[in-house]
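Okay, so here's the structure we're looking at.
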Amino acid sequence: MKNLNLFYSMAGLSALAATLPSCQQNKSEANKPYNIVYIMTDDHTAQMMSCYDTRYIETPNLDRIAADGVRFTNSFVANSLSGPSRACMITGKHSCGNKFYDNTTCVFDSAQQTFPKLLQKAGYQTALIGKWHLESLPSGFDYWEILPGQGDYYNPDFITQNNDTIQKHGYITNLITDDAIDWMENKRDRNKPFCLMIHHKAIHRNWMADTCNLALYEDKTFLLPETFFDDYEGRPAAAAQEMSIVKDMDMIYDLKMLRPDKDSRLKTLYESFLGRMDKEQRAAWDKFYGPIIEDFYQKKPQGKELANWKFQRYMRDYMKTVKSLDDNVGRVLDYLKEKGLLDNTLVVYTSDQGFYMGEHGWFDKRFMYEESMHTPLIMRLPKGFDRRGDITEMVQNIDYAPTFLELAGVEVPEDMHGISLLPLLKGGHPTDWRTALYYHFYEYPAEHMVKRHYGIRTNKYKLIHFYNDIDEWELYDLQKDPNELHNLYGQSEYDSIVNNLKKQMLELQEEYNDPVRFSPDRDKQ
Numbered sequence: 001m002k003n004l005n006l007f008y009s010m011a012g013l014s015a016l017a018a019t020l021p022s023c024q025q026n027k028s029e030a031n032k033p034y035n036i037v038y039i040m041t042d043d044h045t046a047q048m049m050s051c052y053d054t055r056y057i058e059t060p061n062l063d064r065i066a067a068d069g070v071r072f073t074n075s076f077v078a079n080s081l082s083g084p085s086r087a088c089m090i091t092g093k094h095s096c097g098n099k100f101y102d103n104t105t106c107v108f109d110s111a112q113q114t115f116p117k118l119l120q121k122a123g124y125q126t127a128l129i130g131k132w133h134l135e136s137l138p139s140g141f142d143y144w145e146i147l148p149g150q151g152d153y154y155n156p157d158f159i160t161q162n163n164d165t166i167q168k169h170g171y172i173t174n175l176i177t178d179d180a181i182d183w184m185e186n187k188r189d190r191n192k193p194f195c196l197m198i199h200h201k202a203i204h205r206n207w208m209a210d211t212c213n214l215a216l217y218e219d220k221t222f223l224l225p226e227t228f229f230d231d232y233e234g235r236p237a238a239a240a241q242e243m244s245i246v247k248d249m250d251m252i253y254d255l256k257m258l259r260p261d262k263d264s265r266l267k268t269l270y271e272s273f274l275g276r277m278d279k280e281q282r283a284a285w286d287k288f289y290g291p292i293i294e295d296f297y298q299k300k301p302q303g304k305e306l307a308n309w310k311f312q313r314y315m316r317d318y319m320k321t322v323k324s325l326d327d328n329v330g331r332v333l334d335y336l337k338e339k340g341l342l343d344n345t346l347v348v349y350t351s352d353q354g355f356y357m358g359e360h361g362w363f364d365k366r367f368m369y370e371e372s373m374h375t376p377l378i379m380r381l382p383k384g385f386d387r388r389g390d391i392t393e394m395v396q397n398i399d400y401a402p403t404f405l406e407l408a409g410v411e412v413p414e415d416m417h418g419i420s421l422l423p424l425l426k427g428g429h430p431t432d433w434r435t436a437l438y439y440h441f442y443e444y445p446a447e448h449m450v451k452r453h454y455g456i457r458t459n460k461y462k463l464i465h466f467y468n469d470i471d472e473w474e475l476y477d478l479q480k481d482p483n484e485l486h487n488l489y490g491q492s493e494y495d496s497i498v499n500n501l502k503k504q505m506l507e508l509q510e511e512y513n514d515p516v517r518f519s520p521d522r523d524k525q
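Here the sequence shown is numbered in this note's numbering, starting from 1 and rising by one per residue.
Encoded structure:
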């Protein structure tokens with residue numbers, strides 16, 4: 001019996017020893033920091049994602065993120081322009097705090113605090129691949145490879161960490177994804193958590209699709225938005241823009257109607273894009289667009305017929321560029337699933353701002369109006385986060401930095417303007433969540449000639465002040481007038497609402513230390 005007891009004792013110890021590494025491993029996995037994969041596109045509007053809007057296009061891979069996680073229905077930017085939006089995102093501060101106000105005069109101060117730098121200090125590997133668009137070289141990244149400026153759709157150049165500029169052969173959305181997957185597979189330290197920022201050029205103007213997608217959507221006809229022929233009554237700043245599909249969309253650069261005997265303002269730039277193509281790419285391009293060009297100049301549409309023709313071409317080219325993007329998001333999701341990384345990785349998809357798909361007759365962004373201030377934001381949550389479905393609280397791109405830091409267990413600096421979204425991702429509905437958002441756009445005079453303006457948005461109202469060479473106020477009731485067609489400013493029955501909104505806006509300007517509160521002449525520091 002003594003020997004039998006000894007046998008069972010030894011067997012129990014052996015069993016315990018056998019299970020110990022497994023238990024330790026499970027404990028280690030449970031305590032492992034979360035990875036972050038942050039995918040951002042350029043000018044991708046929520047109207048062109050089927051998880052937000054089913055009128056136009058199907059985006060099954062983007063929809064996978066929303067279906068397996070959360071969709072923010074009130075997600076906004078602080079300055080609807082590429083470079084400034086990226087600066088807000090990476091610093092967690094409004095433009096008045098990070099000092100990158102516009103795309104034409106600013107260089108990002110790369111010595112300032114950013115969330116990748118703080119993650120690095122906490123032991124994270126950080127990587128940036130694709131569009132940077134902040135003029136200075138990136139800092140705070142263990143690995144980066146960026147596009148010069150806007151980048152090119154075909155056979156693009158990349159700037160490397162060796163400060164070399166190299167050209168890669170292929171279509172840009174595929175190439176950025178190739179490099180991102182290669183970094184995860186071959187270049188990172190697998191013993192460390194990582195934050196990978198995949199920043200695409202797509203779907204930026206001038207919407208040049210991959211040759212394999214050129215023939216898509218040609219059988220689709222789209223209804224003109226109800227505000228397409230907006231007359232901008234009571235809105236002089238809206239009337240002064242130069243982003244009209246009818247008046248300002250370039251026949252050659254934007255709509256690809258290139259012919260030797262035709263000219264346009266941006267023809268030379270478009271020809272330089274075509275000049276990057278190899279013979280096979282150019283042959284496929286000409287084979288597709290050749291018949292369309294011939295038919296267009298033969299029929300010579302005019303008036304509303306021309307306006308509709310431009311809109312249809314714009315929609316189709318934009319959608320084809322989205323198709324490649326969606327396919328490549330699917331590649332990233334498939335890789336993360338195949339490698340067993342999804343349970344421990346936060347996957348975020350957003351755009352640097354929204355975009356007009358014919359609303360008010362426009363393309364581009366810049367205005368504080370809903371289509372451009374609103375931006376898509378969807379997240380696939382890691383294991384341990386059970387929240388699913390829609391998040392309706394108002395969030396802004398200044399919130400991403402504190403969210404990533406808190407997720408990583410890093411203290412959020414007090415000088416960040418944004419708020420961590422983690423309580424929302426955990427299923428909470430904080431009673432003290434913000435009730436208003438601040439916005440400030442600076443780039444004027446410049447391309448598209450949208451006036452400088454700042455404003456405040458609540459769940460019900462939006463108040464905008466256009467300034468600089470103009471002094472105009474606009475007030476909208478977003479519930480009664482979601483298309484923002486009826487400017488209520490100056491109507492006596494709204495005086496108390498305007499006064500309250502101005503008071504709230506001043507409080508936000510003081511909180512964010514925006515010098516414009518002192519005078520419209522002091523909108524920058």
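All C-beta atoms, glycine included, are put in the ideal place defined by N, C-alpha and C.
Those residues which DSSP pairs with residue i across a bridge
i	result
residue 167	157
residue 195	36, 126
residue 436	458
residue 380	69, 347
residue 41	351
residue 466	453, 472
residue 477	461
Contact under 8 Å by Cβ, residue i with residue j
i	j	result
residue 59	residue 326	yes
residue 206	residue 254	yes
residue 397	residue 89	yes
residue 37	residue 381	no
residue 100	residue 84	yes
residue 419	residue 402	yes
residue 441	residue 452	yes
residue 461	residue 478	yes
residue 62	residue 356	no
residue 528	residue 173	No statement about residue 528 is possible, as the shown extent of the chain runs from 1 to 525 and does not include it.
residue 96	residue 512	yes
residue 44	residue 351	yes
residue 437	residue 76	yes
residue 470	residue 463	no
Through-space distance from residue j to residue i, alpha-carbon basis
i	j	result
residue 183	residue 142	11 Å
residue 561	residue 476	With the chain represented from 1 up to 525, any question about residue 561 goes unanswered, as that position is not in the structure.
residue 390	residue 508	27 Å
residue 473	residue 233	13 Å
residue 521	residue 81	21 Å
residue 257	residue 443	30 Å
residue 362	residue 315	12 Å
residue 336	residue 180	11 Å
residue 495	residue 488	10 Å
residue 510	residue 242	33 Å
residue 371	residue 118	33 Å
residue 523	residue 57	40 Å
residue 250	residue 262	12 Å
residue 285	residue 211	7 Å
residue 412	residue 406	7 Å
residue 517	residue 506	7 Å
residue 19	residue 92	Residue placement at residue 19 cannot be trusted, given a pLDDT of 43 that sits under 50; what the coordinates show is reported in the next sentence. Cα to Cα, the separation comes out at about 45 Å.
residue 209	residue 447	23 Å
residue 169	residue 270	19 Å
residue 94	residue 454	12 Å
Test: residue i CB closer than 8 Å to a CB of chain D
i	result
residue 155	Of the protein chains in the structure, only one exists, and it is not chain D.
Selection from the options that minimises the alpha carbon distance to residue i
i	options	result
residue 468	134, 219, 199, 237	237
residue 192	360, 53, 33	33
residue 375	41, 46, 146	46
residue 312	290, 276, 358, 298	358
residue 392	415, 485, 423	423
residue 202	120, 265, 323	323
residue 273	417, 155, 301	155
residue 145	128, 48, 41	128
residue 247	501, 228, 259	228
residue 383	49, 344, 339	344
residue 171	185, 195, 200, 159	200
residue 427	43, 72, 39	72
residue 131	124, 148, 66	148
residue 365	295, 410, 450	450
residue 67	239, 74, 51	51
Near the ligand GTP: residue i beta-carbon under 7 Å from a heavy atom
i	result
residue 191	Summarising the ligand content, the structure contains no ligands, and the ligand GTP is consequently not present.
Ignoring anything shorter than 3 residues or poking outside the segment 388-422, list the beta strand (DSSP E) runs there in chain order. As summarised for the segment 388-422, the continuous beta strand (DSSP E) elements at least 3 residues long and confined to that stretch are 389-391, given in chain order.
In chain order, which continuous runs of the beta strand (DSSP E) of length 3 or greater are located wholly inside the segment 265-352? The beta strand (DSSP E) runs of length 3 or more contained entirely in the segment 265-352 are, from start to end of the chain, 345-351.
Ignoring anything shorter than 3 residues or poking outside the segment 191-259, list the beta strand (DSSP E) runs there in chain order. For the segment 191-259, whole beta strand (DSSP E) runs of length 3 or above, ordered along the chain, are 194-199.
Entirely within the segment 105-152 and at least 3 residues each: give me those beta strand (DSSP E) ranges in chain order. Taken in chain order, the complete beta strand (DSSP E) segments of 3 residues or longer contained in the segment 105-152 are 125-130, 143-146.
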